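K.L.:
Residue numbering for the sequence shown follows the working numbering, starting at 613 and increasing by one per position. Sharing a structure below in structure tokens format, with a few things to ask.
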Amino acid sequence: MKRIALVVSCGGIVFASCAGNGETSKPKANGTTTSPTSSVSENARITSKPEPNAPRSAGLPALYPVSNEALDNLRDSARGRDVPITIWYPDVKAGVSCPLVIVSHGAGGNRKGHVTVAEHLVAHGYVVAAPEHVGSNTKTALSAGSRKRNSEDGKVRDVIEEMVSDESERIARPKDVSFAIDAVFSWAGTAGKFKGVIDKDTVGVFGHSYGAYTSAAVSGARLKTMTELKDLSDKRVKAGIALSLQGPETGGVFSEESYKTLTIPFLIMTGTNDQTLHGQGLSWRKKPFELSPEGSKYLAVLENATHMDFSDSGRLGGEDARRKAAGHIVKTLALAFFDGHLRGDGNAVWRLSKDYAATLTSEPVPSIEWQTK
């Protein structure tokens with residue numbers, strides 16, 4: 613089947629393409645089991661399965677078989693909005709507590725945009741859920757694109773720009789995440805195949821591009837509207853990660869004041885070549901870190917990495933070796949960050965350092981600029 617990539621930068625916001633066959637190991641639908649992608653790159657494997665919340669050294673990860681279940685017919689009746697969700701979960705003993713991470717896709721994307729990160733986290737004892745943002749997903753983008761192509765001045769780029777400029781969608785996305793948290797909590801209480809329990813006090817979020825905005829908004833950054841800085845945060849979220857997060861003013865989602873309320877632990881990742889088509893580059897990408905308050909804030913800048921290197925669908929718009937190198941760094945740092953700030957693993961907090969980040973580099977991504985405050 614022909615895949616169409618939507619890789620667009622609009623108004624200073626860069627958005628992820630749709631995920632076609634981008635994932636390294638695509639899980640089968642409706643709860644079947646796949647081998648965790650993390651097992652390919654790890655140097656060691658523990659044969660017995662420790663509890664997921666037990667501290668682990670970097671060299672001896674605990675790996676669990678990964679399964680997934682698609683909940684395609686979920687609807688938030690209060691908003692009249694469909695929110696289909698895919699849940700990845702580990703094979704753990706009955707009653708074992710697992711943290712929850714919600715993954716938000718970019719504009720024109722879908723639930724499969726970050727399967728590699730999802731499976732890596734789940735293989736280490738997390739439950740990961742990816743809601744589909746129906747107002748800014750692949751289906752909506754392609755449908756609108758078809759209409760645009762039949763007009764005189766229609767461009768796919770215009771479709772994405774209209775999609776992300778819609779204030780109602782900017783508000784809806786963080787609410788999709790809150791709905792997904794509720795839905796997964798309910799699912800965990802009735803799921804027959806998942807034997808563990810979800811720790812409601814250890815919820816994190818992860819997002820790329822428009823999903824990075826979503827992650828930051830849910831974590832406390834205020835959306836800039838025409839009349840106010842709007843609070844869309846969910847207090848259940850205790851830690852967040854944003855890849856290619858938007859800087860202030862340009863593009864309209866944040867002002868310089870927006871990041872002052874981003875008080876929970878937060879990791880921002882970007883690349884030296886993670887630029888928008890309107891010229892915003894690295895200095896703009898760093899602004900959210902610089903403007904956020906001190907306290908468990910991290911910034912990782914990957915040398916050579918482009919915007920699409922941070923997504924599984926990056927192979928549609930980037931060099932494969934560099935994308936794989938960036939993907940390895942992203943999933944490794946994501947695990948260390950969530951282990952440290954959701955599980956309280958002191959060993960993981962140590963790994964959130966310049967020295968450890970340097971061990972993850974390779975020829976395609978030869979260095980990582982690391983800052984913390």
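All C-beta atoms in this analysis are idealised placements derived from N, C-alpha and C, irrespective of residue type, glycine included. These numbers were taken from a predicted model, which means no experiment stands behind them.
What are the residues that DSSP puts in a beta bridge with Ala742?
P.N.:
Along the sequence shown, read from residue 1 onward, the residue named residue 742 stands at position 130. In the DSSP output, where bridge partners are listed per residue, Ala742 has Thr698.
K.L.:
By the three-class DSSP mapping on this structure, what secondary structure does Ile772 have?
P.N.:
The sequence position of residue 772 within the sequence shown is 160, counting from 1. The answer is helix: DSSP assigns Ile772 an H, G or I state.
K.L.:
When we look at the beta-carbon of Lys909 and count the other beta-carbons within 10 Å, is it buried (16 or more) or exposed?
P.N.:
As a first step, residue 909 must be located in the sequence shown, where it is residue number 297. It counts as buried.
K.L.:
Give the straight-line distance between the Cα atoms of Val678 and Gly725, rounded to the nearest whole angstrom.
P.N.:
Position 66 of the sequence shown, counted from the start, is the residue given in the question as residue 678. Position 113 of the sequence shown, counted from the start, is the residue given in the question as residue 725. One C-alpha to the other measures close to 17 Å.
K.L.:
Just the Cα atoms here: how many angstroms apart are Thr698 and Glu906?
P.N.:
The count along the sequence shown starts at 1 and reaches residue 698 at position 86. The count along the sequence shown starts at 1 and reaches residue 906 at position 294. Near 34 Å, if we compare the C-alpha coordinates of Glu906 and Thr698.
K.L.:
Count Cβ pairs between the region 778 to 787 and the region 805 to 815 that sit closer than 8 Å; are there 3 or more?
P.N.:
The region 778 to 787 is not in contact with the region 805 to 815.
K.L.:
Please report the residue range of the alpha helix (DSSP H) in which Ile876 lies.
P.N.:
In the sequence shown, counting from the first residue as 1, residue 876 sits at position 264. No alpha helix (DSSP H) contains Ile876, which DSSP labels as neither H nor E.
K.L.:
Below 8 Å between beta carbons: does that hold for Ile876 and Gly819?
P.N.:
Numbered from 1 along the sequence shown, position 264 holds the residue referred to as residue 876. Numbered from 1 along the sequence shown, position 207 holds the residue referred to as residue 819. Cβ atoms of Ile876 and Gly819: not closer than 8 Å.
K.L.:
Answer yes or no: do Ser870 and Lys836 have a C-beta to C-beta separation smaller than 8 Å?
P.N.:
On the sequence shown, residue 870 is found 258 positions in, with the first residue counted as 1. On the sequence shown, residue 836 is found 224 positions in, with the first residue counted as 1. Yes, these two residues count as a Cβ contact at 8 Å.
K.L.:
Contact defined as beta carbons within less than 8 Å: I believe Trp799 pairs with Val740. What is the distance between those atoms, to the nearest angstrom?
P.N.:
In the sequence shown, counting from the first residue as 1, residue 799 sits at position 187. In the sequence shown, counting from the first residue as 1, residue 740 sits at position 128. Their Cβ separation, rounded to whole angstroms, is 13 Å, which puts Trp799 and Val740 out of contact at 8 Å.
K.L.:
Our contact map puts Arg693 next to Val734 with C-beta atoms below 8 Å; I'd like the distance itself, whole angstroms only.
P.N.:
Here the question's residue 693 lines up with position 81 in the sequence shown. Here the question's residue 734 lines up with position 122 in the sequence shown. About 27 Å separates the two Cβ atoms, so there is no contact after all.
K.L.:
Please report the distance separating the alpha-carbon of Lys850 from that of Pro900.
P.N.:
Numbered from its first residue, the sequence shown carries residue 850 at position 238. Numbered from its first residue, the sequence shown carries residue 900 at position 288. Rounded to the nearest angstrom, the two C-alpha atoms are 18 Å apart.
K.L.:
DSSP state of Glu868, grouped into three classes?
P.N.:
The residue given as residue 868 occupies position 256 in the sequence shown. Coil, per DSSP.
K.L.:
Ends of the beta strand (DSSP E) at Leu683?
P.N.:
Here residue 683 is taken as the residue at index 71 of the sequence shown, counted from 1. Here the beta strand (DSSP E) through Leu683 covers 678 to 683.
K.L.:
Rounded C-beta distance between Thr728 and Asp886? I'm assuming under 8 Å.
P.N.:
Taking the first residue of the sequence shown as 1, we reach residue 728 at position 116. Taking the first residue of the sequence shown as 1, we reach residue 886 at position 274. 18 Å between Cβ atoms; not a contact.
K.L.:
For Thr839, which three-state DSSP category applies?
P.N.:
Here residue 839 corresponds to residue number 227 of the sequence shown, with the count starting at 1. Looking at Thr839 - three-state DSSP - the assignment turns out to be coil, as it is neither helix nor strand.
K.L.:
By the three-class DSSP mapping on this structure, what secondary structure does Val817 have?
P.N.:
Start at 1 with the first residue of the sequence shown, and residue 817 comes out as number 205. Note: Val817 maps to strand in three-state DSSP.
K.L.:
Can you list, in chain order, the residues of its chain whose CB lies under 8 Å from that of Ala917, leaving out five sequence neighbours each side?
P.N.:
The residue given as residue 917 occupies position 305 in the sequence shown. So the list reads Thr882, Gly883, Thr884, Asn885, Asp886, Arg934, Ala938, Val977, once near-sequence residues are dropped.
K.L.:
According to DSSP, is Arg897 helix, strand or coil?
P.N.:
Position 285 of the sequence shown, counted from the first residue, corresponds to residue 897. Arg897: helix per DSSP, three-state reduction.
K.L.:
Take the Cβ of Gly687 as the centre, count every other Cβ of all protein chains shown within 10 Å, and call the residue buried at 16 or more, exposed below.
P.N.:
By one-based count along the sequence shown, residue 687 stands at place 75. Sequence check: residue 687 is Arg here, not Gly. Per the 10 Å Cβ criterion, exposed.
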